[in-house]
Amino acid sequence: YDCFIVPFTTAVIYDLEAFVYHAIRLLKPGGVLLINFWCVDFYLHRGLDMGTGAPLYMYHWSTPIGIHNLLHSLGLHENDYGLQVYGNLLARMAFLLNIPAHELTAAERDHVDPGQPLLICARVVKPDHWSPPKPAYRDPLWQPSMKPAHISANTGHYGDEYQR
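In the working numbering, the protein residues as written are 2 to 165.
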């Protein structure tokens with residue numbers, strides 16, 4: 002492929018190394034992977050039943066140093082990718098409190114504090130002759146045994162946690 006776009010998915014992928022490896026593998030040399038990594042989000046401690054047959058779990062929150070190391074472990078060098086960090090403490094708190102972005106001023110929303118990232122975006126260009134070893138796929142060794150949360154038909158949120 003010329004381009005592969007992966008928005009807002011990485012937190013729910015258990016084996017992130019294998020996932021990113023295969024996302025790059027799908028590209029032709031010079032192809033571009035656009036992918037983002039969450040730095041903070043709600044933790045679905047019971048998982049979330051979305052009606053797909055298997056609960057959705059949150060496995061990863063990322064840091065810039067973690068993403069640099071992930072990409073280097075896959076045989077990439079700094080000239081093969083670029084990272085852009087977005088967010089600040091106020092934006093993180095607004096996100097966690099479900100405050101819409103339009104409630105923040107542009108300065109509050111757009112200020113970047115590298116120590117309080119909300120989102121990391123990466124642009125990876127597949128190098129010619131890229132051939133790192135294929136990572137061994139790993140499945141989760143443990144998952145919660147409790148019944149997963151359910152999406153509320155009324156609110157669209159996993160609101161059953163608050164309906165007690």
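Glycine included, every Cβ here is placed at the ideal spot set by N, Cα and C.
Assigned secondary structure, residue i (DSSP; H/G/I helix, E/B strand, else coil)
| i | result |
| --- | --- |
| residue 6 | strand |
| residue 82 | strand |
| residue 110 | helix |
| residue 38 | strand |
| residue 57 | strand |
| residue 77 | coil |
| residue 22 | helix |
| residue 103 | helix |
| residue 151 | strand |
| residue 72 | helix |
Top-ranked residue by Cα proximity to residue i, from the options
| i | options | result |
| --- | --- | --- |
| residue 167 | 137, 42, 67, 132 | Outside the displayed span of the chain (2 to 165) sits residue 167, for which this structure offers no information. |
| residue 8 | 133, 82, 121 | 121 |
| residue 97 | 118, 79, 78 | 118 |
| residue 62 | 134, 28, 13 | 13 |
| residue 123 | 18, 68, 23 | 68 |
| residue 76 | 135, 104, 10 | 135 |
| residue 22 | 152, 131, 54 | 131 |
| residue 153 | 52, 15, 38 | 52 |
| residue 24 | 38, 83, 6, 85 | 6 |
| residue 39 | 105, 139, 110, 17 | 17 |
| residue 83 | 65, 99, 100 | 65 |
| residue 137 | 3, 15, 102 | 15 |
| residue 151 | 10, 108, 46 | 46 |
| residue 4 | 20, 27, 10, 11 | 27 |
Endpoints, the alpha helix (DSSP H) within which residue i is located
| i | result |
| --- | --- |
| residue 13 | Run containing residue 13: none; DSSP gives neither H nor E here. |
| residue 91 | 90-97 |
Bounding residues of the beta strand (DSSP E) (the contiguous stretch that carries residue i)
| i | result |
| --- | --- |
| residue 181 | This structure cannot settle anything about residue 181, because the visible part of the chain is limited to 2 through 165. |
Do three or more CB pairs link the stretch 82-99 to the stretch 140-149 at distances below 8 Å? no
So does the stretch 117-133 actually touch the stretch 16-34, counting three or more Cβ pairs closer than 8 Å? The stretch 117-133 vs the stretch 16-34: in contact.
Quick check: the stretch 104-116 against the stretch 71-89, are there 3 or more CB pairs under 8 Å? yes
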